[in-house]
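Asker:
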């Protein structure tokens with residue numbers, strides 16, 4: 002894919018390190034176990050990169066062109082401590098803003114995840130634990146990825162919706178969109194970096210199978226309702242206990258162009274694609290990762306953020322190819 006298309010005038014940059022997929026021949030993994038001590042010890046390949054601050058040209062970044070978009074959103078929910086409050090107040094806000102932004106006819110929130118701990122905190126929590134033990138401190142994801150592969154998007158859909166409904170809704174255009182928003186304070190460490198889809202070579206995707214914990218076992222145990230399906234998705238269930246599905250990790254490519262928004266506030270949010278069934282040249286996903294700011298100490302006050310994952314349906318758009 003050709004390098005693009007953003008009109009730049011010396012954007013501010015952050016030199017940083019992004020962590021990429023370690024190939025199996027070098028000791029990398031094709032199966033992962035989110036939420037476990039083993040995952041916190043997983044090895045990646047570091048690459049030094051420049052992440053550019055897109056604030057001054059934010060109008061050039063849209064869901065359909067680049068795969069992500071910075072929006073203004075003032076939520077009535079401020080603390081994100083009460084699960085019932087999050088689902089009753091924040092979920093409807095998210096559904097409405099996605100409908101308004103995309104023209105979707107139906108939005109279904111799958112799950113959410115709040116992050117209140119640093120990478121150092123979670124690694125410390127994992128220290129000395131067996132690989133299979135769960136780590137309860139949830140930190141920013143510091144490796145380059147997409148939450149589901151294209152195939153994994155179908156898998157998680159069928160794991161979270163009744164089969165007949167999923168069959169019907171996949172006859173028209175559908176997708177997965179995440180909403181990521183800080184709360185409590187501005188982002189002063191571990192911001193989110195997103196890659197312009199037009200600079201992504203899909204040959205650099207690396208499929209990994211994520212084996213989730215059982216429902217209720219920490220944050221990752223609530224990602225899927227673990228609905229049973231026909232078995233056409235061979236990674237649908239992890240035994241009888243929990244879901245598994247494909248995710249996309251990334252190999253490094255010098256053409257990838259990453260962007261962030263400096264000092265995001267709780268009144269701003271990222272919308273970014275995980276999957277879009279429509280194959281007409283528009284962005285189909287947003288490769289992303291948190292990253293440490295220059296000279297950021299490993300210890301310190303954690304970034305606080307919420308991420309909501311949503312199925313999005315355009316029932317009036319029958320073109321899925």
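Numbering (this note's numbering), first residue to last: 2 to 322.
Quick reminder that beta carbons are idealized off the backbone N, C-alpha and C, glycines included.
Bear in mind the structure is a predicted one, so any value in this text is a computation, not a measurement.
Do residue 23 and residue 46 come within 8 Å of each other at the CB atom, strictly closer than that value?
Answerer: Your numbering for residue 46 matches position 45 in the chain shown. Your numbering for residue 23 matches position 22 in the chain shown. Cβ atoms of residue 46 and residue 23: closer than 8 Å.
Asker: By Cβ distance below 7 Å, which residues in the same chain neighbour residue 254 in space, the five residues on each side in sequence not counted?
Answerer: Taking the chain shown and counting its residues from 1, the one referred to as residue 254 is at position 253. Only 202 and 205 meet the Cβ criterion.
Asker: Just grab the DSSP bridge partners of residue 176 for me.
Answerer: Position 175 of the chain shown holds residue 176. DSSP output for residue 176 lists 277 and 313 as bridge partner(s).
Asker: Looking only at its chain, what residues have a beta carbon closer than 7 Å to the beta carbon of residue 73, apart from the 5 residues adjacent to it on each side?
Answerer: Taking the chain shown and counting its residues from 1, one reaches residue 73 at position 72. 268 and 269.
Asker: Let me confirm a value: residue 319 is counted as buried when at least 16 other C-beta atoms fall within 10 Å, else exposed. Which label applies?
Answerer: As a position in the chain shown, residue 319 is number 318, starting the count at 1. Residue 319 should be labelled exposed.
Asker: For residue 317, I'd like the list of residues in its chain whose CB is within less than 7 Å of its CB, leaving aside the five on either flank, ordered along the chain.
Answerer: On the chain shown, residue 317 is found 316 positions in, with the first residue counted as 1. The residues are 106.
Asker: Buried or exposed for residue 264, going by 16 or more other Cβ atoms inside 10 Å?
Answerer: If you number the chain shown from 1, residue 264 lands on position 263. Residue 264 comes out exposed.
Asker: Have a look at the DSSP bridge pairing and note the partners of residue 20.
Answerer: Counting from one through the chain shown, the residue named residue 20 turns up at place 19. Beta-bridge pairing links residue 20 to 47.
Asker: Tell me the residue span of the alpha helix (DSSP H) that contains residue 75.
Answerer: Locating residue 75 in the chain shown gives position 74, counting from the first residue. Neither: residue 75 is in no alpha helix (DSSP H) and is coded neither H nor E.
Asker: Roughly how many angstroms lie between the CA atoms of residue 7 and residue 290, to the nearest whole one?
Answerer: In the chain shown, the residue the question calls residue 7 occupies position 6. In the chain shown, the residue the question calls residue 290 occupies position 289. Spanning the two alpha carbons is a distance of roughly 20 Å.
Asker: Within its chain, find whatever has a CB closer than 7 Å to the CB of residue 132; leave out the 5 residues flanking it on each side and keep chain order.
Answerer: The count along the chain shown starts at 1 and reaches residue 132 at position 131. These residues qualify, in order along the chain: 37, 38 and 39.
Asker: Sort 293, 274, 309 and 298 by Cα distance to residue 66 and report the nearest one.
Answerer: For this step, residue 66 is matched to residue 65 along the chain shown. If we check each option's Cα against that of residue 66, 274 comes out closest.
Asker: Under 8 Å, do residue 183 and residue 56 count as touching if we go by C-beta distance?
Answerer: Within the chain shown, numbered from 1, the residue matching residue 183 stands at position 182. Within the chain shown, numbered from 1, the residue matching residue 56 stands at position 55. Not a contact, by the Cβ cut-off of 8 Å.
Asker: I need the DSSP call for residue 116, collapsed to helix, strand or coil.
Answerer: Your numbering for residue 116 matches position 115 in the chain shown. Correct three-state label for residue 116: strand.
Asker: Is it right to say residue 16 is buried, meaning 16 or more other beta carbons lie within 10 angstroms of its own, or is it exposed?
Answerer: In the chain shown, counting from the first residue as 1, residue 16 sits at position 15. Residue 16 is exposed by the Cβ-count criterion.
Asker: Three Cβ pairs or more, each shorter than 8 Å: is that satisfied between the region 108-119 and the region 295-313?
Answerer: Flag = yes, the region 108-119 and the region 295-313 touch.
Asker: Relative to the C-alpha of residue 77, which residue among 68, 90 and 71 is closest?
Answerer: By one-based count along the chain shown, residue 77 stands at place 76. For residue 77, the nearest C-alpha among the options comes from 90.
Asker: Would you identify the three-state DSSP class for residue 161, choosing helix, strand or coil?
Answerer: As a first step, residue 161 is located in the chain shown; it is residue number 160 there, counting from the start. Residue 161 falls in the helix class under three-state DSSP.
Asker: Give me the Cα-Cα distance between residue 138 and residue 125, rounded to the nearest whole angstrom.
Answerer: Within the chain shown, the letter at position 137 stands for residue 138. Within the chain shown, the letter at position 124 stands for residue 125. Answer to the nearest angstrom: the Cα atoms are 9 Å apart.
Asker: Given a cut-off of 8 Å, decide if residue 315 and residue 169 are closer than it, judged by their beta-carbon atoms.
Answerer: One-based indexing of the chain shown puts residue 169 at position 168. One-based indexing of the chain shown puts residue 315 at position 314. It is not a contact, given that the beta carbons lie outside the stated cut-off.
Asker: Taking only three categories from DSSP, how would you classify residue 208?
Answerer: In the chain shown, counting from the first residue as 1, residue 208 sits at position 207. Of the three classes helix, strand and coil, the one that applies to residue 208 here is strand, per DSSP.
Asker: Whose C-alpha, out of 210, 285 and 195, is nearest the C-alpha of residue 34?
Answerer: What you label residue 34 is simply residue 33 of the chain shown in a count that begins at 1. Per the Cα distances, 210.
Asker: Run the CB neighbour count on residue 18, radius 10 Å, all protein chains shown included, and call it buried at 16 or more, exposed below.
Answerer: For the purposes of this step, residue 18 is taken as the residue at position 17 of the chain shown. Result: exposed.
Asker: Rounding to the nearest angstrom, what Cα-Cα distance links residue 13 and residue 145 in this structure?
Answerer: Your numbering for residue 13 matches position 12 in the chain shown. Your numbering for residue 145 matches position 144 in the chain shown. Each residue's Cα considered, the two are about 21 Å apart.
Asker: Give the straight-line distance between the Cα atoms of residue 143 and residue 109, rounded to the nearest whole angstrom.
Answerer: Taking the chain shown and counting its residues from 1, one reaches residue 143 at position 142. Taking the chain shown and counting its residues from 1, one reaches residue 109 at position 108. When rounded, the distance between both Cα atoms is 27 Å.
Asker: Could you please give the first and the last residue of the uninterrupted beta strand (DSSP E) stretch that includes residue 92?
Answerer: By 1-based counting over the chain shown, the position of residue 92 is 91. Careful: residue 92 lies outside any beta strand (DSSP E), inside the alpha helix (DSSP H) at 92-103.
Asker: Would you decide whether residue 60 is buried or exposed? Buried here means 16 or more other CB atoms lie within 10 Å of its CB.
Answerer: Position 59 of the chain shown, counted from the start, is the residue given in the question as residue 60. Its Cβ having fewer than 16 others within 10 Å, residue 60 is exposed.
Asker: Quick check on residue 203: does DSSP put it in helix, strand or coil?
Answerer: Position 202 of the chain shown, counting from 1, holds the residue named residue 203. It is helical.
Asker: When DSSP builds the beta bridges, which residues end up paired with residue 134?
Answerer: The residue labelled residue 134 in the question sits at position 133 within the chain shown. Beta-bridge pairing links residue 134 to no other residue.
Asker: Can you tell me whether DSSP reads residue 238 as helix, strand or coil?
Answerer: Reading the chain shown from its first residue, position 237 is the one you call residue 238. Only weak support exists for where residue 238 lies, its pLDDT of 48 falling under 50; the coordinates are left without a value.
Asker: If you reduce the DSSP assignment to three classes, tell me which class residue 61 lands in.
Answerer: The count along the chain shown starts at 1 and reaches residue 61 at position 60. Helix at residue 61.
Asker: Please work out which residues of its chain come closer than 7 Å, Cβ to Cβ, to residue 41, disregarding the five sequence neighbours upstream and downstream, and give them in chain order.
Answerer: Locating residue 41 in the chain shown gives position 40, where the first residue counts as 1. These residues qualify, in order along the chain: 123, 124, 127 and 136.
Asker: First and last residue of the alpha helix (DSSP H) that includes residue 252?
Answerer: In the chain shown, the residue the question calls residue 252 occupies position 251. No alpha helix (DSSP H) holds residue 252; DSSP gives it neither H nor E.
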